[in-house]
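Residue numbers (the working numbering): 1 to 159. Every residue gets a Cβ at the ideal spot worked out from N, C-alpha and C, and that includes glycine. Given the structure is predicted, the values throughout are model-derived calculations rather than measurements.
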């Protein structure tokens, strides 16, 4: 079976190394409401920067903490590598499970967005939007690996 759009299996380990620590760090920062603005401040190029009580800047170099950007970058790249790297044995059935897991995760993700859009307001909704950037991948990874685990467990029980 051809798997055109999947990464080689060896990328899955790198994906886990990026995804898990950045997910845990993001949760800790969010739950503990830590202020990360004073850490890892560097000069960055910004297409646009809008501050509270300051003038809008366009196409300029600004000072910015890049902790949140690095965490989000690691979450997304790690999630893509974990979710879309080949399994050691990749066949039509695993492709079917991958497809169904992706569809299920998409429905769940957008269902939650609709729910939170109705019931969450103000700056709290910005947290919803932030987490939404990687929850689709998270739901997909959980569902896909759970179904593969169940498949392997039933295969081992049959033997």
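- With contact defined as three or more Cβ pairs closer than 8 Å, the stretch 17 to 26 and the stretch 71 to 82 are in contact.
- Within the stretch 4 to 65, the complete alpha helix (DSSP H) segments at least 4 residues long are 11 to 31, listed from N- to C-terminus.
- Residue 6 and residue 128 have their C-alpha atoms some 29 Å from each other.
- Counting only residues of its own chain and dropping the five nearest sequence neighbours on each side, residue 143 has a CB closer than 8 Å to the CB of 101, 104 and 105.
- Counting along the chain, residue 69 sits inside the alpha helix (DSSP H) bounded by residues 67 to 83.
- Within its own chain, the residues whose Cβ lies closer than 7 Å to the Cβ of residue 136, once the five positions on either side in sequence are excluded, are 105, 106 and 109, listed in chain order.
- Rounded to whole angstroms, the gap between the alpha carbons of residue 97 and residue 147 is 7 Å.
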